[in-house]
Amino acid sequence: MSQPIEVTLRALAVLVAFLVLPLLVGQTEHKVMAHMQGRLGPMYAGGFHGWAQLVADGVKFVQKEDITPAAADRWVFRVAPAVALVPYLVALAAIPLSPHLVAAAAPGSAVFVLAVTAVGILGTLMAGWASANKYSLLGAMRAAAQLLSYELPMVLAVASVCLAAGSLSLTGIAGAWSPWWLLWQLPGAVVFLVSAVAELQRPPFDMPVADSEIVFGAYTEYTGLRFAFFLLSEYAGIVVMSLLFAVLYLGGWHGAFSDVLGWLWTLLKGFAVAVLVIWLRVAWPRLREDQLQRLAWLVLVPLALGQLALTGLWVVTTA
Amino acid sequence: MTQASRPSSRGAVPGILKGLATTAKTLVRPTHTAEYPDVPPHLPPRSRGVIALLEENCTSCMLCARECPDWCIYIDSHKETIPAAAPGGRERQRNVLDRFAIDFSLCMYCGICIEVCPFDALHWSPEFEYSELDIRDLLHEKGRLGQWMPTVPPPPALDERSADPAEIAATTRPARGASKLVTGERATAGARAERARPTRSVGDDSPSGAAGATPGEAAAAEAQARPTPPPEGEDQK
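Residue numbers (the working numbering), protein chains in the order written: chain A, 1 to 319; chain B, 1001 to 1237.
Have a look at this one:
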């Protein structure tokens, strides 16, 4: 197959996954959250248990007026949703579903994915700054503080896994995975999960969009499709982080019939992690801003450093 | 889960784990949602949905209209003279109901009109789906009020050891000065009283079921039985 066609096909496949998986997670959140609260959730859209609710929501968002505030920094304001959305699309391309099923196989894909997902927060920052709204600015500042606090433990946790596998490529890491890692890398896994939830600004770490305090944070002034893009980026972020967690800590495609059904295993494990993220949102209240910083610097960073030291010790002694 | 090690959490089972357990338990339990338009609601007995009119019982005595706290009942009537039944007899007069309307945009569902009606012309019906797009359309004339009559549930059964209703007690009481009447007659009268009681028990009545049982057909049968009421709106002035 000629190269341009192959590249186009791979890009298309990633785009389709990028448009389908977040909706799947969003619908799961609708239903799981509803049942956890003793409700039914959407029941009408599409006929069967409201399966088309998010499609209907999308149609609604498209119809809404796209407003740019008069005092806003027009260009930055309009570009911000794309800046928030595109990094997760790029990150999704680098995550392998099975040893051979990866859209863009990069040698240092673990580093690449981490770097790219960190760019997503920039969109929130731009949105908050350009909105000319004090609540938006407060939200953006909170998002920035949150990113700074949680990027470090996350990188440290991933570094520990890379050290254990002796590889910076996600394919290599998942290939070197063994069930023993579930125990060995457990502290790192917990640190990664907490940091991922914090970086996605999901409850209990949703101070940047805390609706009872600062309206809707950086997204306050957004309407219509641009607002929908921010929501989509949140769910795309859940997909990326869940798949990343599955590949790094749960062994990705390892499982029964892994040579045929490997991709399914990765997707299933990622989906389970996404359900866990949803569960945490339903069960736990929002942290205060100072509690967030306290948790990051006094608990997660030492824990991640300890995990890194443990991994290093083990690798050196057994090598 | 790392947050369990936070200094603020105390107790054997940290609160955050309890929260997870509670939500997980709720997830597997059936939901409380009443899917109203698809599933008819289970209404309690004696639900006050709408006031139905049994036109034949109404004597236009105006008691209900006068007792109504917010004056939402409108009654018009005229007298008709009935010619003497037998030659040489006296002509009699009778009230004929021209208009009976209840404005449900004013009604506060106190039920006083139903309480004061001496002839049981007004009844509570559990029917509640009569919302309108215009508030003025909530003024319902006697034709519409009569259509709700088939949805009125039968009265609940009396309590287990309650006294006989006055009407039945009157038949079983021995006639004045006839205290030496044979006891057998009393026994048959008592059996008649048993039969006259409604057999339904209070617990199992489901007005929603009664309301759902093709009210249209029942209303049509009712309408045939009655003299045809003038079409609604014609007597609104």
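For every residue, glycine included, the Cβ atom is placed at its ideal position computed from N, Cα and C.
Since this is a predicted model, take the numbers as computed values, not measurements.
Selection from the options that minimises the alpha carbon distance to residue i
i	options	result
Y1109 (chain B)	B:D1120, B:F1119, B:P1118, B:S1125	B:S1125
E199 (chain A)	A:G172, A:Q293, A:Y222	A:Q293
L1072 (chain B)	B:I1082, B:P1083, B:F1104	The identity of residue 1072 (chain B) in the sequence shown is Cys, whereas the question assumes Leu. Among B:I1082, B:P1083, B:F1104, the Cα nearest to that of C1072 (chain B) belongs to B:F1104.
L1020 (chain B)	A:L308, A:L156, A:I278	A:I278
Q1147 (chain B)	B:P1030, B:P1037, B:V1050	B:V1050
T1033 (chain B)	A:H30, A:Q37, A:V32	A:Q37
E6 (chain A)	A:G123, A:F227, A:A274, A:A104	A:A104
Y235 (chain A)	A:G224, A:R78, A:A196, A:A210	A:A196
A165 (chain A)	A:P179, A:L300, A:F77	A:P179
T28 (chain A)	A:D66, A:G270, A:Q291	A:G270
G255 (chain A)	A:G175, A:Q201, A:T223	A:G175
V155 (chain A)	A:A80, A:L138, A:A189, A:V215	A:A189
P97 (chain A)	A:W184, A:L250, A:Q307	Just to set this straight, residue 97 (chain A) is Leu in the shown sequence, not Pro. For L97 (chain A), the nearest C-alpha among the options comes from A:L250.
L149 (chain A)	A:L244, A:V62, A:F192	For the sequence presented, residue 149 (chain A) should be read as Ser rather than Leu. If we check each option's Cα against that of S149 (chain A), A:F192 comes out closest.
Y219 (chain A)	A:S212, A:F230, A:L225	A:F230
L92 (chain A)	A:P99, A:A17, A:A84	A:A17
W184 (chain A)	A:V273, A:H30, A:G306	A:G306
G123 (chain A)	A:F112, A:A84, A:V90, A:R10	A:A84
V79 (chain A)	A:V275, A:F61, A:R226	A:R226
V55 (chain A)	A:E65, A:V32, A:L21	A:L21
Residue i, buried or exposed, once every other Cβ within 10 Å from all chains shown has been counted against 16
i	result
K1142 (chain B)	buried
Q311 (chain A)	As written in the sequence, residue 311 (chain A) is Thr, which differs from the Gln given in the question. Looking at its Cβ environment, which holds 16 or more other Cβ atoms inside 10 Å, T311 (chain A) is buried.
T8 (chain A)	exposed
V247 (chain A)	buried
I1112 (chain B)	exposed
T317 (chain A)	exposed
W253 (chain A)	buried
V1039 (chain B)	exposed
E1160 (chain B)	exposed
Y88 (chain A)	buried
M1062 (chain B)	exposed
S167 (chain A)	buried
S1060 (chain B)	buried
P187 (chain A)	buried
N1057 (chain B)	exposed
V158 (chain A)	buried
I173 (chain A)	buried
G1089 (chain B)	exposed
R1029 (chain B)	exposed
Residue i at chain B interface by Cβ criterion, 8 Å
i	result
A283 (chain A)	yes
L308 (chain A)	no
T311 (chain A)	no
Chain A within 8 Å of residue i, Cβ atoms only
i	result
T1151 (chain B)	no
I1016 (chain B)	yes
H1032 (chain B)	yes
T1026 (chain B)	yes
T1171 (chain B)	no
G1019 (chain B)	yes
M1001 (chain B)	Its pLDDT being 46, under 50, M1001 (chain B) is placed unreliably by the model, and the measurement read from it follows with that caveat. Cβ-Cβ to chain A under 8 Å: yes for M1001 (chain B).
For residue i: DSSP bridge partner residues
i	result
F1100 (chain B)	B:I1075
L1122 (chain B)	B:L1053
R993 (chain B)	Nothing in the structure corresponds to residue 993 (chain B), since chain B is present only between 1001 and 1237.
S178 (chain A)	Per DSSP, none; premise fails for S178 (chain A).
S98 (chain A)	A:L101
L320 (chain A)	Coverage of chain A is limited to positions 1 through 319, which leaves residue 320 (chain A) absent and any answer about it impossible.
H1140 (chain B)	B:I1102
heavy atom of the ligand HEM below 7 Å from residue i C-beta
i	result
P1083 (chain B)	The model depicted lacks the ligand HEM and carries no ligand whatsoever.
With 8 Å as the limit, tell me which residues of the stretch 18 to 41 of chain A have their beta carbon closer than that to any beta carbon of chain C; keep them in chain order. The structure shown has no chain C; the protein chains it does contain are A and B.
Check each residue of the stretch 1041 to 1064 of chain B: if its Cβ is closer than 7 Å to any Cβ of chain A, include it; give the result in chain order. none
Interface positions of the stretch 261 to 291 of chain A facing chain B (Cβ-Cβ less than 9 Å), listed along the chain: W279, L280, V282, A283, W284, P285, L287, Q291
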